[in-house]
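Please read the structure below before turning to the comments.
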Amino acid sequence: MISSSTVRPLTTTRSDLTKVRLTPFDLSLLQLDYPPRGLFFPKPNPDFHLISRLKASLSLALEIYFPFAGRLAKVENLEDNTVSLFVDCDGSRARFHYAEAKTISVSDLLQPDGSVPDFIK
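So that you can map any letter, position 33 of the sequence shown is 33 in this note's numbering, and since no number is skipped, the others follow by simple counting.
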């Protein structure tokens, strides 16, 4: 791991939607394990500034897909003893991790049976 940082939307002026309430279908997806996603790039020219460009692009994308910069929040409803979950679209941030794996090639990551190699888990 080279670095870990947060990226905010370019502007955080969206006041029209501060909460995205989750449906029962959304809640069922919270129980599923999801595979982590990563992007693999060939080694860039040092003058290209790939990481700063990726962060700038993510910041622009979060402007459109602002719930991805939000946080999962819950409210305990005391009157009926239930819990409600929602995405708090406060424009907080998204995590950005930068790592290098100099001894691993793309062929090490591509498994013919679809399994994930142990070094990625």
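All C-beta atoms, glycine included, are put in the ideal place defined by N, C-alpha and C.
Being a predicted model, the structure only gives us computed values, none of them experimental.
What is the rounded straight-line gap between the Cα of residue i and the Cα of residue j?
i, j, result
"A101", "D47", "20 angstroms"
"S107", "R93", "33 angstroms"
"N45", "T82", "54 angstroms"
"F25", "R71", "18 angstroms"
"S105", "S57", "26 angstroms"
"D88", "S4", "22 angstroms"
Assign residue i to one of two classes, buried (16 or more other C-beta atoms within 10 Å of its C-beta) or exposed (fewer than that).
i, result
"F66", "buried"
"L60", "exposed"
"E27", "Correcting the residue type first, residue 27 is Leu in the shown sequence and not Glu. That one is exposed."
"P9", "buried"
"L62", "buried"
Going by the CB atoms, is the gap between residue j and residue i shorter than 8 angstroms?
i, j, result
"A73", "F86", "yes"
First and last residue of the beta strand (DSSP E) that includes residue i?
i, result
"L78", "No beta strand (DSSP E) contains L78, which DSSP labels as neither H nor E."
"F96", "A94 to Y98"
"K19", "K19 to R21"
"S5", "S3 to V7"
With distances taken from CA atoms, which of the options is nearest residue i?
i, options, result
"D90", "T6, S3, T18 and M1", "T18"
"T6", "S52, R37 and T103", "S52"
"V75", "A56, M1 and R21", "R21"
"L39", "T11, I64, F96 and A56", "F96"
State the start and end residues of the unbroken alpha helix (DSSP H) segment that holds residue i.
i, result
"I51", "L50 to I64"
"F25", "P24 to L30"
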